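Residue numbers (our numbering): 170 to 480.
Here it is as C-alpha cells:
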C-alpha cells in the first residue's frame, strides 16, 4: 500500500485556517475594541491614582515662600576677608540666574555676579535636554522610571529632581513616584522655567553638605560659580546625578565630565576646541580643610549668633 505523507500538511492546514480566522474583520474589530477598552481602563486608573495621591500634597506655590538654611559667613572688619563659615547639615549660598534662558535669545547676557550661561547649558546637557519644552516630565523618562523602579536608573527631569529633593523624600516607591509626577506638573504650572532653574541651582545637593551650585563651587574649587572654568562647570554639572558615586570615584567623574563636554559640542553650546582644552584641565575636587583666622573673634561671634538663635 502506498504511503501518503499527509500528516504534516494537514497540521499546517489546520494552523493556517486557525490563523485566517484570527484575521477576519470581526476578529480584528474585537481586538481593536479590546485595546481601546484597556486604554480607557488604564486612563481611568491613572486618573483615580492622581486623585487619590493628590490629597494632602504640599502646595508647590509655597516653595519660594519657605525659608531655606543658608551658610552664615563671618568677615573681618573690612568686609572683604572671610574668616569662617557657620552652617548646619546644609551648606548653602544663594545665587541668581539671568532670566530668559529658555527663550533662546542669542542676546541674553547673564548676571555678572550670577550663574554663567555655560553653567546652565552644562547642567541642561547633563540632566534634562528637554527642560525648556516639557511640562514637568518626559514620557520616555517616565517609562524608564517605572521599569527601573527600586533601582538606580530611570529618567527624572530637573523639575522632578527639584520636587524629590526640596519637597518629597528620596524613597523609591511607586506612590512616591506618582506624587513626584503630580507635583512636577503643578510646579511647571506655578513657576516659570527661569524660576524653576533658579530654585534648582540653589536647592540641589552636590555631595557632602553642599547644597546649591555656589556652595559646591566655593568648597570644591575655592571660587564663586561665576569664576569657574569650562572644565570645572562640566564637572559640577555631572555630580547631581549620583553625588556619592562620583565623589568617591574621581575617574568616573572625569569620564562624565568629558562626556558632558562632548555633548555640549553636539548641542552647539561650545566649540570642539574649547571642549578639548577643558578636558586637559585638572578639575579634581579639593578637600576643604577648615583653618580659622582670628579664632577668638570668630568663636565670640559664633556664640553671639547661637545665643540669638541665628546659628
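We treat Cβ as the ideally placed atom computed from N, Cα and C, and that holds for glycine. These figures come from a predicted structure and were not determined experimentally.
Give the range of the alpha helix (DSSP H) segment to which residue i is assigned.
i           : result
residue 443 : 441-448
residue 392 : Element bounds for residue 392: n/a, residue is neither H nor E.
residue 371 : 362-372
residue 431 : 419-435
residue 416 : 412-416
residue 453 : Careful: residue 453 lies outside any alpha helix (DSSP H) and carries neither H nor E.
residue 347 : 343-359
residue 328 : 327-335
residue 283 : It is not in any alpha helix (DSSP H) - residue 283 carries neither H nor E in the DSSP assignment.
residue 405 : 399-407
Please name the residue in the options whose C-alpha comes closest to that of residue i.
i           : options            : result
residue 307 : 390, 291, 289, 327 : 327
residue 369 : 204, 194, 227, 266 : 266
residue 294 : 416, 409, 282      : 409
residue 438 : 420, 270, 227      : 270
Taking buried to mean at least 16 other C-beta atoms within 10 Å of its own C-beta, is residue i buried or exposed?
i           : result
residue 481 : Residue 481 is absent from the model: the chain starts at 170 and stops at 480.
residue 367 : buried
residue 452 : buried
residue 342 : exposed
residue 435 : exposed
residue 424 : exposed
residue 381 : buried
residue 449 : exposed
residue 242 : With a pLDDT of 49 at residue 242, under the threshold of 50, the modelled position of that residue is not reliable, and no figure is offered here.
residue 292 : buried
residue 251 : Here the model assigns residue 251 a pLDDT of 48, short of 50, so the residue's position is not dependable and the matter cannot be decided.
residue 458 : With a pLDDT of only 44 at residue 458, under the threshold of 50, the placement of this residue in the model should not be trusted; the figure read from the coordinates follows. Under this definition residue 458 is an exposed residue.
residue 325 : buried
Identify the residues that DSSP records as bridge partners of residue i: which are they?
i           : result
residue 380 : 374
Does residue i get closer than 8 Å to chain C when you measure Cβ to Cβ?
i           : result
residue 430 : Absent from the structure: chain C. Only one protein chain is present.
For the ligand ZN, is there a heavy atom less than 7 Å away from the beta-carbon of residue i?
i           : result
residue 424 : The ligand ZN is not among the ligands present in this structure, which contains no ligands whatsoever.
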